[in-house]
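In my numbering, the protein residues as written are 819 to 1205.
Where a beta carbon is used, it is the ideal one built from N, C-alpha and C, also for glycine.
For reference, the structure discussed in these notes is given below.
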């Protein structure tokens, strides 16, 4: 790749690159934006780049670079994102050579990751993090060459273990809450129906129907989240809601409204499962579980399904007794009855104790420093032998 003299050099020492766009904000996109905010809060100058559109197809490297894909550098002021510039992927590869560190988000979602690593100068440090889109995981595993300057730092121990099972020497650095997100808990209901809330895009693996069945006619449920485009599941869920009578949906809401709805609830229900309502099986459905941390931060008890990433968080927060088997609505109903039997003070004390675990292990305020320290300590210097 040639060098264009007209291409400006970056004043920042570090760059974050999302191989997927950042215009629609879900869990993965929010995680990337919070990484950038964490670096800025720690007084690091970090440029934020993202793809204008995903480039996922497999083609020879020369064709991928010449295909016209574009990347944007974003600026964020008071939470408002703006496009500072837009350049070609070829120009991005040239620009990235000026940074000391390049953190690639969604590294398994695009072959752009391989192109960035191939074009990198030998002294540069790279940090790779998956946020759930793993379209090219098999190809990446076959062609990735471990390097002392490349670290794979996943969002959870569970995610790191999955990478290790694929032969990649990965470690974990987790985050999900800012210290400023902590709120004084609102009073919880001590009589009548519980106020339950479930949060997420309307996707089949989120299993909102399990929460609907568990609350039955005894409790109230609010489902907070935008449609996903899965018309079949959305219709199925709409039918379930129509017959329930005590369930409402909000659709897409802003962050402040979502947090307020979680804070007003007595319990958060996180119901994700590897098996959907149709029997379809997913290899992984959640790599972390940000909604659990958000609930604890505002004083709401999370009750969650027994998937590895959720269990990891709940055990760290000493809340493992509030986990129920995947898709087991009857077991979830038993836990809801248990909440109903608790005195509000006892419920408040459990969540308050869990907050200490959040501060210990999941704060964004210290994430960038922890990420950079882990990058030095855990390079992918060799490939793990797997069966």
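When secondary structure is reduced to three states using DSSP, residue 1011 falls in the coil class, being assigned neither helix nor strand. The Cβ-Cβ distance between residue 1168 and residue 1119 falls below 8 angstroms. Residue burial is scored here from C-beta neighbours: residue 878 has fewer than 16 other C-beta atoms within 10 angstroms and is therefore classed as exposed. Between residue 1143 and residue 1159, the beta carbon gap of about 21 angstroms keeps them out of contact (Cβ cut-off 8 angstroms). Less than 8 angstroms separates the beta-carbon of residue 860 from that of residue 1186. In the structure shown, the three-state DSSP call for residue 1091 is coil. By the CB criterion at 8 angstroms, residue 987 and residue 843 fall outside the cutoff.
Of the residues 1058, 1198, 1017 and 948, the one whose Cα lies closest to the Cα of residue 1034 is 1058. Residue 1119: member of the beta strand (DSSP E) spanning 1119-1123, first to last residue. In terms of CA proximity to residue 1178, 993 leads the group 1102, 993 and 1192. Using a 10 angstroms sphere on the CB of residue 837, the tally of other CB atoms reaches 16 or more, which defines it as buried. The DSSP-derived three-state label of residue 854 is helix. Comparing alpha-carbon positions, the option among 1020, 1043 and 1037 lying closest to residue 1052 turns out to be 1020. Taking 4 residues as the shortest admissible run, the stretch 1046-1072 contains the following complete alpha helix (DSSP H) segments, listed from N- to C-terminal end: 1049-1062.
Ranked by Cα distance from residue 1199, the options 962, 1083, 950 and 1041 are led by 962. Counting only residues of its own chain and dropping the five nearest sequence neighbours on each side, residue 1031 has a CB closer than 6 angstroms to the CB of 1147. Taking C-beta atoms as the reference points, residue 1193 and residue 975 fail to come closer than 8 angstroms. Here residue 1098 is exposed. Its C-beta has fewer than 16 other C-beta atoms within 10 Å. With fewer than three CB-CB distances shorter than 8 angstroms, the stretch 976-986 does not count as touching the stretch 997-1009.
Per DSSP, the continuous alpha helix (DSSP H) segment holding residue 931 begins and ends at 930-937. For residue 1042, no alpha helix (DSSP H) run applies; the uninterrupted beta strand (DSSP E) run containing it begins and ends at 1038-1042, by DSSP. Contact between the stretch 921-931 and the stretch 951-965 is present: 3 or more CB-CB pairs across the two stretches fall below 8 angstroms.
For residue 1101, the three-state secondary structure derived from DSSP is coil. In the three-state reduction of the DSSP assignment, residue 831 falls in the coil class, being assigned neither a helical nor a strand state.
For residue 893, the three-state secondary structure derived from DSSP is strand. With a beta-carbon spacing of about 6 angstroms, residue 914 and residue 833 fall inside the 8 angstroms limit used to define contacts. With fewer than 16 other beta carbons inside 10 angstroms of its own, residue 1061 counts as exposed. Under the three-state reduction of DSSP output, residue 989 falls in the strand class. In the assembly as shown, residue 881 is an exposed residue. Its beta-carbon has fewer than 16 other beta-carbons within 10 Å. Residue 1157 sits close to residue 1165, with the two beta carbons spaced by under 8 angstroms. In its chain, beyond the 5 residues on either side, 1085, 1087, 1140 and 1153 have a beta carbon closer than 6 angstroms to the beta carbon of residue 1121. Residue environment: residue 1043 is assigned as buried (16 or more neighbouring CB atoms within 10 Å of its CB, all protein chains considered). Taking 8 angstroms as the cut-off, the beta carbon of residue 1105 is found closer than this to the beta carbon of residue 950.
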